[in-house]
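For the sequence shown, my numbering gives the first residue as 244, with consecutive numbering after it. All C-beta atoms, glycine included, are put in the ideal place defined by N, C-alpha and C.
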Amino acid sequence: MEPEKEKADRQPKKGRKRRRAPSKLVGAAEAMRAGWEFEERHPEVKKARLSTVLFAENCEVTHAQLCELLKYAVLGKSSVPKPSWCQLFHQNNLSNVVVFVLQGMSQLHFYRFYLEFGFLRKAFRHKFRLPSSSSDFLADIVGLQKKRAAGDPSRTVEGSLPSSAGSKVSVHLQNDPIIQKYGSKKVGLTRCLLTKEEMKTFHFPLQGFPDCENFVPTKCNGAVTDSSPLFGLDCEMCLTSKGRELTRISLVAEGGGCVLDELVKPDNKILDYLTSFSGITKKILDPVATKLKDVQRQLKALLPANAVLVGHSLDVDLKALKMIHPYVIDTSLLYVREQGRRFKLKFLAKAVLGKDIQNPDKLGHDAKEDARTTLELARYFLKYGPKKIAELNLEALASQHELQAADQEPSNATEVAQQSNKSVLECLDSVGQKLLFLTRDADTSALSSAKNCRTIKCLSNKEVLEQARVEIPLFPFSVVQLSFEMLSPALTEEMNKRMRIKWTEISTVYAGPFSKHCDLGALRKLFKSFGPVRSMSLVLETHQPHFCVQYEVLEAAQLAIESLDGTVVEDTCIKVQRPVTELTLDCDTLVNELERDSENRGAVYLAGVSRTFKERLLQQSSLFLGLEAVILPKDLRSGKPKKYCFLKFKSFSSAQRALSTLCLILLPGTESTHGSLPGLGLMGIKNEEESVAPNICS
C-alpha cells in the first residue's frame with residue numbers, strides 16, 4: 244500500500260474477462276482528475292444523496308472544503324454556495340448531520356488494519372484523503388478559525404461576479420480543468436484551435452461527413468499561425484417546417500468593427516420566430532430578400548485564407564449557415580468546465596470581462612454584441628493565459644450565479660460574503676438550533692467552549708458512545724469525538740514502511756515458466772496490455788525463465804493473474820501469481836473484502852484505453868446501461884491521461900426513507916516533530932431508521 248500517495252483510495256478487484264475487471268477503491272483523486280460524471284436520472288427518488296464521484300484536489304479534501312459541505316448541509320442553497328468538491332442532492336431532506344472524529348488516528352491506521360474496519364468500509368461509500376491534522380482540527384472543520392472581516396468581498400475583475408470565501412480557499416490551480424488542458428503558461432492562438440478530432444466529437448460540420456453533403460466550404464485553407472486574424476461570429480435562427488434556419492448573421496473583425504450584419508429570409512415556412520432569443524419578428528423579416536446562398540457568398544468573399552472563426556457553441560452557427568470552416572475557437576470549450584458542462588456566454592461575459600450582455604429588458608439577443616463578446620473572450624484568454632482564468636475560480640462563481648438567477652441568493656455582495664464566512668455554529672444559530680459536542684474530559688478544543696454548542700464531556704470512549712445513542716437523535720448536528728493514544732514515531736515509521744512494501748508486493752506478479760527461446764518483446768507487450776508497468780525483469784535463477792512484473796496499480800496485477808494463470812503462452816502452460824511473503828499471505832482475503840466495499844460495487848477496471856475513448860464513449864453511452872461515471876486517471880507530472888480507466892455503474896437499494904442523516908467519519912491524521920501523517924474521511928448518507936452510533940460501537 245501507499246497510504247500517503249495518490250493511490251490511497253485505490254485497490255484491485257476481481258474480474259473474469261481479459262482487459263476488463265472490476266475496480267477497487269476508486270479514489271477521490273482519480274475522480275477529480277477526470278472531472279466527468281453522468282447525472283442520475285431518477286428524480287422521483289427524493290432522498291438525500293451524495294454524488295458517486297467526489298471531486299477532491301490532489302487526493303485531499305481540505306478542512307475548509309469540509310466546512311463548505313457542513314454549512315451547506317445545515318442551510319442549503321438558499322443561503323450558502325454549494326460545496327465545490329462534491330454534490331449533495333436534496334439537502335432539504337436531511338434530518339441530521341453526524342460527524343465522528345477518531346482523534347489520534349490517520350489514513351495509515353485505516354489501511355494497516357483494513358480488514359478490522361469491515362463495518363466502516365461497507366457502510367460508507369465515499370472515501371477521501373485529509374491533510375495532516377492542525378492544532379485544532381475541530382475548529383477548522385466548523386469554521387471557527389476562518390473568520391474574515393465582513394464587507395470585503397473579493398472580486399475577480401472590475402464589475403464581475405463576487406466570489407465566495409470558501410471557493411477561494413478551496414481552489415487548486417493545478418487541478419482546474421483549464422490548467423489541465425492548456426497548462427499554466429500563456430498559449431498561442433493555434434493552441435486554442437479545435438482539433439479535427441474535437442470538431443468531430445462536438446459535431447461540427449466537416450467535409451465528407453453525413454448530413455454535410457450540401458454544406459459550402461469557406462475555402463479558407465491557408466496556413467494558420469498565432470498571428471492569424473480572428474473573426475467573431477454569431478447567428479440567430481427561427482423554427483421552420485424543416486427545422487431551425489438562419490434569420491440573422493453577424494461577423495465582427497478583431498478590431499471590434501462589424502463587417503457583416505445581415506437579416507436572412509428562410510426558404511421554408513416559418514413556424515416560430517423564436518423572438519425571445521433572436522429578436523426577430525414577422526414585421527422585421529417580411530421585407531427581407533437576402534437568402535442563405537447570398538450570405539454564404541459574402542462570407543466566402545470576406546474571410547481571408549487563414550481566418551479563424553470565434554463563437555460560442557459555434558457548431559450550431561455553422562450548421563445554420565450550412566458552411567464548413569476548418570479553423571475555429573469555441574469559447575464554450577475554450578473556457579473548460581468540469582464534467583463536460585459548458586459556461587453560458589452571458590456568465591463568461593460578466594465573470595471574465597465584467598460586462599452585461601443579453602439584457603432581459605431587450606427583445607432577444609444582439610447578435611453583434613454576442614459575436615463581439617466571444618472575440619473579446621478569446622483575446623482575453625490569449626492575453627492573460629490559462630493561469631489567470633483559473634484564478635477567477637469560474638466554477639464557484641457559476642454556482643453562485645445560478646443562485647442569483649433563481650432569486651435565492653442575498654441581494655448584495657456584502658451579504659454573500661457574510662454568509663460564506665459564517666461558521667457552522669453561526670449557521671445553526673441563524674435557524675435557531677444548537678450543535679451537540681460529545682468528547683472526553685481531557686478535550687481542550689475551541690469548539691467545546693464555543694457559543695451555541697451543547698458540550699457533554701465524558702470519561703472514556705465507551706461513555707461517549709453511550710451518550711451518543713441517547714443524545715444524537717435530539718440534535719440536528721452532532722460532533723462525536725473519540726480519542727486514541729498515538730503510536731510512537733518509531734513504530735509509526737516501521738508500520739508505514741511495511742505498508743509500502745506490501746503495496747509493492749501485491750502489485751507484483753511472477754509468470755512462467757517460459758521457453759529459453761521465448762519472444763521477449765511479445766511477452767512484454769502482453770503484460771503491458773493489462774495496465775501501466777512500473778518495472779519488468781526476467782528471472783533466470785529458475786530452471787526455466789520467469790517474468791517478474793511490477794504494476795503501478797493493483798487492478799492491473801489482478802487482471803493479469805485472472806487472465807493468464809493456467810493459460811498456454813508460447814506453447815507453455817504458465818502460472819501467474821503474486822510473491823508469497825508474510826505480507827501477502829492474506830492477499831486473497833483482502834481482495835475478497837475489497838469486492839464487498841460499498842464504493843467498489845458496480846465498478847469496472849478497463850485497460851488499453853486510447854486518448855479518444857472518452858469522446859467515443861460519450862457518443863455511444865446508450866450501449867452502457869446504467870453507466871454513471873467514467874474516471875480517467877492522469878499522470879501527476881505530465882498531465883497526460885493514462886491508458887486505463889474506471890467505469891462506475893449505478894446500484895439502487897430498495898425501500899429507502901426520504902429523511903436521512905449525513906454521516907462523516909474523520910481520522911484527522913497526526914502531526915509531530917517526527918513528521919506528519921495524512922488523515923482519512925469516510926462519508927455517506929444513512930437512512931433514518933439506521934442506527935449509526937451502535938454500529939460504530941460494535
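Review point. Going by C-alpha distance, which of L494, K525 and G499 is nearest K508?
Key: Looking up residue 508 in the sequence shown gives position 265. Here the closest residue by C-alpha is K525.
Point to revise | Inter-residue Cα distance where the pair is F590 and G607 | key: As a working note, residue 590 is residue 347 in the sequence shown. As a working note, residue 607 is residue 364 in the sequence shown. C-alpha separation (whole angstroms): 17 Å.
Check your understanding: CB-CB under 7 Å to Q450, same chain, minus the five flanking residues each way: which ones, in chain order?
Key -> Position 207 of the sequence shown, counting from 1, holds the residue named residue 450. Correct list, in chain order: P460 and I567.
Practice item. Could you check what DSSP says for I908 in three-state terms: helix, strand or coil? Key: Within the sequence shown, the letter at position 665 stands for residue 908. Strand.
**Study point:** Own chain, CB closer than 6 Å to C670, minus 5 neighbours either side, in chain order
**Key:** On the sequence shown, position 427 is the one that residue 670 refers to. Non-local beta-carbon contacts of C670 in its own chain, meaning distances under 6 Å to residues more than five positions away in sequence, involve K314, V317 and L318 in chain order.
**Study point:** Secondary structure of S721, DSSP reduced to three states
**Key:** Here residue 721 is taken as the residue at index 478 of the sequence shown, counted from 1. S721 falls in the strand class under three-state DSSP.
Review point. Does the stretch 616-634 touch the stretch 416-427, meaning 3 or more C-beta pairs lie closer than 8 Å?
Key: With a cut-off of 8 Å on Cβ pairs, the stretch 416-427 is in contact with the stretch 616-634, counting three or more such pairs.
Point to revise | Start-to-end residues for the alpha helix (DSSP H) that takes in S521 | key: Here residue 521 refers to the residue found at position 278 of the sequence shown. From DSSP, the alpha helix (DSSP H) with S521 extends over T518 to S521.
Review point. From H789 to K771, what does the alpha carbon distance come to, in whole angstroms?
Key: Here residue 789 refers to the residue found at position 546 of the sequence shown. Here residue 771 refers to the residue found at position 528 of the sequence shown. Spanning the alpha carbons of H789 and K771 requires a straight line of approximately 16 Å.
**Study point:** First through last residue of the beta strand (DSSP E) which encompasses E979
**Key:** Since the displayed the chain opens at 244 and closes at 941, residue 979 lies outside it and no answer follows.
**Study point:** Cβ neighbour criterion (16 or more within 10 Å) applied to V342
**Key:** On the sequence shown, residue 342 is found 99 positions in, with the first residue counted as 1. That one is buried.
Point to revise | Pick from C463, V304, A765 and A291 that is closest to K331, judged by C-alpha positions | key: Position 88 of the sequence shown, counted from the start, is the residue given in the question as residue 331. Reading the sequence as shown, one finds Leu at residue 331 and not Lys. Measuring from the Cα of L331, the nearest candidate turns out to be A291.
Review point. Do I908 and F367 have their C-beta atoms within less than 9 Å of each other?
Key: Taking the first residue of the sequence shown as position 1, residue 908 is located at position 665. Taking the first residue of the sequence shown as position 1, residue 367 is located at position 124. Yes, these two residues count as a Cβ contact at 9 Å.
**Study point:** Continuous alpha helix (DSSP H) stretch holding G361: start and end
**Key:** Within the sequence shown, residue 361 is the residue found at index 118, counting from 1. It spans G361 to A366 - the alpha helix (DSSP H) in which G361 sits, taken as one unbroken run.
Review point. If we call anything under 9 Å between Cβ atoms a contact, is L905 one with G922?
Key: If you number the sequence shown from 1, residue 905 lands on position 662. If you number the sequence shown from 1, residue 922 lands on position 679. Contact annotation: L905 and G922 have beta-carbon atoms that are not nearer than 9 Å.
Check your understanding: When the distance is taken between beta carbons, is A800 closer than 9 Å to V752?
Key -> Residue 752 sits at position 509 when you count from the first residue of the sequence shown. Residue 800 sits at position 557 when you count from the first residue of the sequence shown. Using a Cβ distance threshold of 9 Å, V752 and A800 count as a contacting pair.
Practice item. Could you tell me how far apart the beta carbons of E619 and L596 are, in whole angstroms, since I believe they sit closer than 8 Å? Key: Numbered from its first residue, the sequence shown carries residue 619 at position 376. Numbered from its first residue, the sequence shown carries residue 596 at position 353. Right, the Cβ-Cβ distance comes to about 6 Å (below 8 Å), so this counts as a contact.
Practice item. Please go through the stretch 751-820 and give each complete alpha helix (DSSP H) segment of 4 or more residues, from N-terminal end onward. Key: Within the stretch 751-820, the complete alpha helix (DSSP H) runs of at least 4 residues are 763-771 and 797-807.
Review point. Using a Cβ-Cβ cut-off of 6 Å (strictly less than) and excluding sequence neighbours within five positions of D560, which residues of its own chain qualify?
Key: Against the sequence shown, residue 560 aligns to sequence position 317. Contacts found: L476, C478 and G554.
Point to revise | Residue from K534, P374, E813 and F892 whose Cα sits closest to the Cα of A307 | key: Counted from its first residue, the sequence shown places residue 307 at position 64. The shortest C-alpha separation from A307 is found at P374.
**Study point:** In DSSP terms, what I874 is bridged to
**Key:** On the sequence shown, residue 874 is found 631 positions in, with the first residue counted as 1. Residue pairing by DSSP puts I874 in a beta bridge opposite F889.
Practice item. In angstroms with no decimal places, state the Cα-to-Cα distance between V531 and Y623. Key: Counting from one through the sequence shown, the residue named residue 531 turns up at place 288. Counting from one through the sequence shown, the residue named residue 623 turns up at place 380. The alpha-carbon atoms of V531 and Y623 are separated by roughly 36 Å.
Review point. Under the rule that 16 or more other beta-carbon atoms within 10 Å means buried, what is L717, buried or exposed?
Key: One-based indexing of the sequence shown puts residue 717 at position 474. By the neighbour-count rule (16 or more Cβ atoms within 10 Å), L717 is not buried but exposed.
**Study point:** Residue from S521, V538 and Y570 with nearest C-alpha to E440
**Key:** Along the sequence shown, read from residue 1 onward, the residue named residue 440 stands at position 197. Ranking S521, V538 and Y570 by CA distance to the CA of E440 puts Y570 first.
Point to revise | Reduced DSSP secondary structure (H/G/I, E/B, other) of V579 | key: Locating residue 579 in the sequence shown gives position 336, counting from the first residue. Annotated three-state conformation of V579 is coil, per DSSP.
Point to revise | Inter-residue Cα distance where the pair is W746 and L552 | key: As a first step, residue 746 must be located in the sequence shown, where it is residue number 503. As a first step, residue 552 must be located in the sequence shown, where it is residue number 309. Roughly 51 Å between the two C-alpha positions.
Point to revise | Rounded Cβ spacing between G465 and N336 (contact assumed at less than 8 Å) | key: Start at 1 with the first residue of the sequence shown, and residue 465 comes out as number 222. Start at 1 with the first residue of the sequence shown, and residue 336 comes out as number 93. Taking C-beta atoms under 8 Å as the contact rule, G465 and N336 fail to qualify, at a distance of about 59 Å.
Practice item. Can you tell me the Cβ-Cβ gap for L293 and I817, rounded? I've got them flagged as a contact below 8 Å. Key: Here residue 293 is taken as the residue at index 50 of the sequence shown, counted from 1. Here residue 817 is taken as the residue at index 574 of the sequence shown, counted from 1. About 44 Å separates the two Cβ atoms, so there is no contact after all.
**Study point:** Identified DSSP bridge partners for P921
**Key:** As a first step, residue 921 is located in the sequence shown; it is residue number 678 there, counting from the start. Answer by DSSP bridge pairing: none, since P921 is not bridged.
Review point. Mind pulling the beta strand (DSSP E) runs of 3 or more residues that sit fully within the stretch 328-359?
Key: Every unbroken stretch of the beta strand (DSSP E) spanning 3 or more residues and falling wholly within the stretch 328-359 is given here in chain order: 337-346.
Practice item. At 4 residues or longer, and completely inside the stretch 517-604: list those alpha helix (DSSP H) runs for me, N to C. Key: Secondary structure in the stretch 517-604: the alpha helix (DSSP H) runs of 4 residues or longer, each lying completely within the stretch, are 518-521, 525-528, 535-545, 557-564, 574-577 and 588-591 in chain order.
Review point. What do you get for V659, buried or exposed, if any count of 16 or more other CB atoms within 10 angstroms of its CB means buried?
Key: Residue mapping note: residue 659 aligns to position 416 of the sequence shown, counting from 1. Because the pLDDT at V659 is just 44, under 50, the model does not fix this residue reliably, and the point stays unresolved.
Point to revise | Cβ contact check for the stretch 693-709 and the stretch 721-736: 3 or more pairs under 8 Å | key: In short, these stretches touch, since the Cβ pair count reaches three.
Exercise for review: Taking only the alpha-carbon atoms, compute the straight-line gap between T438 and G764 and give it to the nearest angstrom.
Suggested key: For the purposes of this step, residue 438 is taken as residue 195 along the sequence shown, with counting starting at 1. For the purposes of this step, residue 764 is taken as residue 521 along the sequence shown, with counting starting at 1. Looking at the backbone, the Cα of T438 and that of G764 are separated by about 34 Å.
Check your understanding: Cβ atoms of L577 and C435: under 9 Å apart, would you say?
Key -> Start at 1 with the first residue of the sequence shown, and residue 435 comes out as number 192. Start at 1 with the first residue of the sequence shown, and residue 577 comes out as number 334. Taking 9 Å as the Cβ cut-off, C435 and L577 qualify as a contacting pair.
Review point. Is it the case that the Cβ atoms of D504 and L489 are separated by a distance below 9 Å?
Key: Along the sequence shown, one-based indexing puts residue 504 at 261. Along the sequence shown, one-based indexing puts residue 489 at 246. Not in contact: D504 and L489 (Cβ atoms no closer than 9 Å).
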